[in-house]
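In terms of our numbering, the sequence shown has 133 at position 54, counting the first letter as 1, and numbering is strictly consecutive. For every residue, glycine included, the Cβ atom is placed at its ideal position computed from N, Cα and C. Right, one structure below, let's go through it.
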Amino acid sequence: MRIQTSSWWTRVLLAAGAQRRPLNNNDLRNTDLRYADMSGTDLRGVDLSFVDLTSANLAEANLSQASMTGVQLSRADLTGVNLTEAVLSRGLLVNANLTRAIMRNAYVFHADLSLANMTKARLTGITLRDSVLVGANLTDAYITGAQLQGANFRGASLVRADLRRADLSNARLVDADVQAAFLVDARLRRASLVRANLIQANLVDADLRGTNLRGAILNGANLDGANLDGAMFAHTDLSNVTWSEQTVWPDRLGEVMLARSVQIGRGRYRVQGPEGREADATVPPVPVS
């Protein structure tokens, strides 16, 4: 859907700072709307592909189902914006403010959201495959059922984020803060969690096959029913981790964890104290198959 040509809309664009130019078939692609104030505007279903909205104010705007391929939204204020089912593939959203943004089922493939503030954003069902979220803040975000394969979350904050059933296969979470995150039934196959903070993370029934956990801190994490077959451990802090008879450990590590754990009932165990740190050569790193 494209917006309809009207004198009212022309006035809106000009008031927002758009450069006057002929509109060919209601086509607003490549329009310059830098620093525009379009807060609260209803832009449902419009085509804003390749529009420059750098530093624009779109707080509380409705951009649901909008086509925004290649859009430039760096440093834009998108607080509370509605981007439900919007397409932002290859968009540039560096340092954008997406606090409390609603992006349910949005398609954000191969976009750059480095340093974006996505605190308490609602991202259920979002597709962020191969996107860059380096240093992004997703604290308390709802990301259930999201497609995050190959995304780069290096140094990002996912503290208390709800990632139930999210697919993080091949994602990079190096140095990420995933403390107390909810990763029940999440898919993290071959993901890199090197030096990640997973303290108190809930990884019940998570798929961690082939995951790189070197240097990660899992103190107090819940691995009940998690599959860690082929996962790589070296200098990994597993103290106070809870696991169960259904947890799948890499070859030989299961026996080591059993020896270091106490049974807490119903087939569940807790790894004891600092001895849970797998730092010696008795359990060599397991290569990814």
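Quiz item: Could you give the residue range of the beta strand (DSSP E) that holds Val341?
Solution: To locate residue 341, count along the sequence shown from 1; it is residue 262. Per DSSP, Val341 belongs to the beta strand (DSSP E) from Ser340 to Gly344.
Quiz item: Helix, strand or coil: which one does DSSP assign to Val263?
Solution: Taking the first residue of the sequence shown as 1, we reach residue 263 at position 184. Three-state result, Val263: coil.
Exercise. Closer than 6 Å by C-beta to Arg131: which residues in its own chain qualify, once you throw out the five before and the five after it? Chain order, please.
Key: To locate residue 131, count along the sequence shown from 1; it is residue 52. Looking at the sequence shown, residue 131 is not Arg but Asp. Within the same chain, and ignoring the five residues on either side of Asp131 in sequence, the residues whose Cβ sits closer than 6 Å to its Cβ are Asp111, Arg113 and Gln151.
Quiz item: DSSP on Val350, reduced to helix/strand/coil?
Solution: Reading the sequence shown from its first residue, position 271 is the one you call residue 350. The answer is strand: DSSP assigns Val350 an E or B state.
Exercise. Kindly examine the ligand SAM and report whether one of its heavy atoms sits closer than 7 Å to the Cβ of Gln228.
Key: The ligand SAM is absent from the structure shown, which contains no ligand whatsoever.
Quiz prompt | Length of the line joining the Cα atoms of Asn291 and Asn174 | solution = Residue mapping note: residue 291 aligns to position 212 of the sequence shown, counting from 1. Residue mapping note: residue 174 aligns to position 95 of the sequence shown, counting from 1. Whole-angstrom Cα-Cα distance: 28 Å.
Quiz prompt | Start-to-end residues for the beta strand (DSSP E) that takes in Trp328 | solution = Indexing the sequence shown from 1 puts residue 328 at position 249. Counting along the chain, Trp328 falls outside any beta strand (DSSP E), and DSSP gives it neither H nor E.
Quiz item: For Val211, which of helix, strand or coil comes out of DSSP?
Solution: As a working mapping, residue 211 is identified with position 132 in the sequence shown. DSSP places Val211 in strand when its eight states are reduced to three.
Practice problem: Apply the 10 Å Cβ neighbour rule to Asp330 and answer buried if 16 or more other Cβ atoms are within range, or exposed otherwise. | Solution: Residue mapping note: residue 330 aligns to position 251 of the sequence shown, counting from 1. It counts as exposed.
Quiz item: Is DSSP giving Met311 helix, strand or coil here?
Solution: Here residue 311 refers to the residue found at position 232 when the sequence shown is read from its first residue. Per DSSP, reduced to three states, the secondary structure at Met311 is strand.
Practice problem: Return the CA-CA distance between Asn306 and Asp219, expressed in angstroms with no decimal places. | Solution: Along the sequence shown, one-based indexing puts residue 306 at 227. Along the sequence shown, one-based indexing puts residue 219 at 140. For Asn306 and Asp219, the distance between alpha carbons rounds to 25 Å.
Quiz item: Val166 by DSSP, collapsed to three states: which one?
Solution: To locate residue 166, count along the sequence shown from 1; it is residue 87. Three-state DSSP puts Val166 in a strand.
Quiz item: For Glu139, which of Thr178, Gly214, Glu164 and Gly149 has the nearest alpha-carbon?
Solution: Position 60 of the sequence shown, counting from 1, holds the residue named residue 139. Measuring C-alpha to C-alpha distances from Glu139 to each of Thr178, Gly214, Glu164 and Gly149 identifies Thr178 as the nearest.
Practice problem: Could you check the C-alpha separation between Gly352 and Ser318 for me, to the nearest Å? | Solution: Translated into the one-based positions of the sequence shown, residue 352 becomes position 273. Translated into the one-based positions of the sequence shown, residue 318 becomes position 239. It is roughly 5 Å from the alpha-carbon of Gly352 to the alpha-carbon of Ser318.
Exercise. Taking Asn161 as the reference, give the member of Ala200, Arg169 and Ser128 with the closest Cα.
Key: Sequence index remark: in the sequence shown, residue 161 carries index 82 (1-based). The residue with the shortest Cα to Cα distance from Asn161 is Ala200.
Practice problem: Leaving out five residues on either side along the sequence, give the residues of the same chain with a beta carbon under 8 Å from the beta carbon of Ala145. | Solution: By one-based count along the sequence shown, residue 145 stands at place 66. Excluding residues within five positions, the ones whose Cβ falls inside 8 Å are Leu122, Arg123, Gly124, Val125, Asp126, Leu127, Leu162, Ala165 and Val166.
Self-check item: Cutoff 8 Å; reference Phe188; Cβ partners in own chain excluding five residues on either side
Solution: If you number the sequence shown from 1, residue 188 lands on position 109. The residues are Ser168, Arg169, Thr206, Leu207, Arg208, Asp209 and Ser210.
Exercise. Could you please give the first and the last residue of the uninterrupted beta strand (DSSP E) stretch that includes Ser323?
Key: Mapped onto the sequence shown, residue 323 falls at position 244. Here the beta strand (DSSP E) through Ser323 covers Thr321 to Ser323.
Quiz prompt | Own chain residues within Cβ distance below 6 Å of Asp359, not counting five before or after | solution = On the sequence shown, residue 359 is found 280 positions in, with the first residue counted as 1. In this prediction, Asp359 scores a pLDDT of 34, lower than 50, which makes its location untrustworthy; no coordinate-derived value is stated.
Exercise. For Ala280, count neighbouring C-beta atoms within 10 Å of its own C-beta (all shown protein chains included) and say buried if the count is 16 or more, exposed if not.
Key: Working through the sequence shown from its first residue, we reach residue 280 at position 201. With 16 or more other CB atoms across the displayed protein chains lying within 10 angstroms of its CB, Ala280 is buried.
Quiz item: Using the C-alpha atoms, what's the distance from Ile181 back to Gly229?
Solution: Residue 229 sits at position 150 when you count from the first residue of the sequence shown. Residue 181 sits at position 102 when you count from the first residue of the sequence shown. Roughly 22 Å separates the two Cα atoms.
Quiz item: If you run the structure through DSSP and keep just helix, strand and coil, what is Pro101?
Solution: In the sequence shown, residue 101 corresponds to position 22, counting from 1. Because Pro101 sits at a pLDDT of 36, beneath the cut-off of 50, its placement in the model cannot be relied upon, and the following sentence gives the value as read from the coordinates. Reduced to three states, the DSSP call for Pro101 is coil.
Quiz item: According to the neighbour-count rule (16 or more other Cβ atoms, all chains shown, within 10 Å of its Cβ), is Gly119 buried or exposed?
Solution: Within the sequence shown, numbered from 1, the residue matching residue 119 stands at position 40. Counting Cβ neighbours within 10 Å, Gly119 comes out exposed, since fewer than 16 surround it.
Quiz prompt | Proximity to Asp316 [Cα-Cα], best of Leu277, Ala195 and Asp246 | solution = Counting from one through the sequence shown, the residue named residue 316 turns up at place 237. Checking every option, the nearest Cα to that of Asp316 belongs to Leu277.
Quiz item: What separation, rounded to the nearest whole angstrom, lies between the Cα atoms of Leu267 and Ala285?
Solution: Sequence index remark: in the sequence shown, residue 267 carries index 188 (1-based). Sequence index remark: in the sequence shown, residue 285 carries index 206 (1-based). So the alpha carbons of these two residues sit roughly 7 Å apart.
Quiz item: Going straight from the alpha carbon of Gln226 to that of Gly294, what length do you get?
Solution: On the sequence shown, residue 226 is found 147 positions in, with the first residue counted as 1. On the sequence shown, residue 294 is found 215 positions in, with the first residue counted as 1. Each residue's Cα considered, the two are about 26 Å apart.
Exercise. Report the rounded CA-to-CA distance for Leu192 versus Gly304, giving the unit in angstroms.
Key: Here residue 192 refers to the residue found at position 113 of the sequence shown. Here residue 304 refers to the residue found at position 225 of the sequence shown. Rounded to the nearest angstrom, the two C-alpha atoms are 33 Å apart.
Quiz item: Measuring CA to CA, which of Ala260, Met117 and Gly214 is closest to Ala240?
Solution: The residue given as residue 240 occupies position 161 in the sequence shown. Comparing Cα-Cα distances from Ala240 to each of Ala260, Met117 and Gly214, the minimum goes to Ala260.
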